[in-house]
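Presented below is the structure to which this report refers.
Protein chains: 2
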Amino acid sequence: MEQNYLDVKAKFIRGFSDKTRLQILECIKNEEKTVSQIVEELQGNQSNISQHLACLKGCGIIVGRQEGKYIYYSLRNEKIREMLELFDEVLNQVQTEIAQCDSHLY
Amino acid sequence: MEQNYLDVKAKFIRGFSDKTRLQILECIKNEEKTVSQIVEELQGNQSNISQHLACLKGCGIIVGRQEGKYIYYSLRNEKIREMLELFDEVLNQVQTEIAQCDSHLY
DNA sequence: TAATCATATTAGTGAATACTGATATGAAAT
DNA sequence: ATTTCATATCAGTATTCACTAATATGATTA
């Protein structure tokens, strides 16, 4: 396993590891949206959202398509959607396991 | 989508988003290992590795099992292994797409 | 019981990252 | 051509995070 590959992989995954970015991804999960739509839906700061979009784009997680003065962002591909779903699945399973484990303490 | 859930989800994913932690996960992917085995294989600092193990454990990604003075760490379950594999799969696909896209510039 | 070994925790530091407000770019409308 | 609108970028600050060295805990061995 190359040292460098793990750096790239870590950076890629870090794209998903922030609340605001997860909100953005949820927001555009099913349909492309413009920056202003996203800003409004998340009640966020334009600059902040824009920077997170740049991050997600840089990680290869989303793509942007310009149409006039608007830029529409969407998930890069189906695999990304699968990832998002697997996150939920795995997290739920883990939380269930932990909950069961906790209950043994009583 | 609850605000709080996204925080938990982000924290969970952040567990995977560091090179050292990815190295640890690779290291114990196929068999449980003790802390000292991991430290040696990664040529790492004991304190540092220990803190990363605590992080991974706190995220619910790995579990530890004590046997005498040793603690054996392993992936929590099969789903986690699946996640690791999906990361590679998706990242490779993204990189391929980006490479193809770049080639259009010439 | 004392010494040793494996692991965890703490404190301190530096680097990376998220956020905000202000400004810049570039496209569309007037 | 000027103004307006959508988005990006920049500069500064605060927070989070990874790392190291030192110390603590807790189990085993002598």
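Residue numbers (this note's numbering), protein chains in the order written: chain A, 1 to 106; chain B, 1 to 106. Cβ atoms here follow ideal geometry from the backbone N, Cα and C, with glycine treated the same way.
Interface flag, residue i vs chain A, CB-CB below 8 Å
{"i": "Gln81 (chain B)", "result": "Residue identity differs from the one stated: residue 81 (chain B) is Arg in this sequence, not Gln. So no, Arg81 (chain B) is outside the interface."}
{"i": "Ala54 (chain B)", "result": "no"}
{"i": "Val39 (chain B)", "result": "no"}
{"i": "Lys9 (chain B)", "result": "yes"}
{"i": "Ile13 (chain B)", "result": "yes"}
{"i": "Leu105 (chain B)", "result": "Low local confidence applies: a pLDDT of 48 at Leu105 (chain B) is under 50, so the model's placement there is unreliable, and no value is given."}
{"i": "Gly60 (chain B)", "result": "yes"}
Separation of residue j from residue i, as counted between CA atoms
{"i": "Arg14 (chain B)", "j": "Gly68 (chain B)", "result": "31 Å"}
{"i": "Asn45 (chain B)", "j": "Ser50 (chain A)", "result": "38 Å"}
{"i": "Ser47 (chain B)", "j": "Gln37 (chain A)", "result": "46 Å"}
{"i": "Lys57 (chain B)", "j": "Phe16 (chain B)", "result": "11 Å"}
{"i": "Cys55 (chain B)", "j": "Ile62 (chain B)", "result": "9 Å"}
{"i": "Arg81 (chain B)", "j": "Leu25 (chain B)", "result": "9 Å"}
{"i": "Gln95 (chain B)", "j": "Cys27 (chain A)", "result": "24 Å"}
Check whether residue i and residue j have beta carbons under 8 Å apart
{"i": "Leu42 (chain B)", "j": "Tyr73 (chain B)", "result": "no"}
{"i": "Ile98 (chain B)", "j": "Gly60 (chain A)", "result": "yes"}
{"i": "Phe12 (chain B)", "j": "Leu86 (chain A)", "result": "no"}
{"i": "Asn77 (chain A)", "j": "Gln93 (chain B)", "result": "yes"}
Beta carbon proximity, residue i to chain B, threshold 8 Å
{"i": "Val90 (chain A)", "result": "yes"}
{"i": "Ile49 (chain A)", "result": "no"}
{"i": "Asn77 (chain A)", "result": "yes"}
{"i": "Leu86 (chain A)", "result": "yes"}
{"i": "Leu22 (chain A)", "result": "yes"}
{"i": "Gln100 (chain A)", "result": "no"}
Presumed contact (8 Å Cβ cut-off) between residue i and residue j, rounded CB distance
{"i": "Leu6 (chain A)", "j": "Leu84 (chain B)", "result": "Incorrect: roughly 12 Å between the Cβ atoms, too far for contact."}
{"i": "Glu89 (chain B)", "j": "Lys79 (chain A)", "result": "7 Å"}
{"i": "Lys29 (chain A)", "j": "Leu75 (chain A)", "result": "7 Å"}
Sheet register partners of residue i (DSSP bridge)
{"i": "Tyr5 (chain B)", "result": "Its beta-bridge partners do not exist; DSSP assigns none."}
{"i": "Arg65 (chain B)", "result": "B:Tyr72"}
{"i": "Glu96 (chain A)", "result": "Residue identity check: residue 96 (chain A) is Thr in the sequence provided, not Glu. Looking at the DSSP assignment, Thr96 (chain A) forms no beta bridge with any residue, so it has no partner."}
{"i": "Thr34 (chain B)", "result": "B:Tyr72"}
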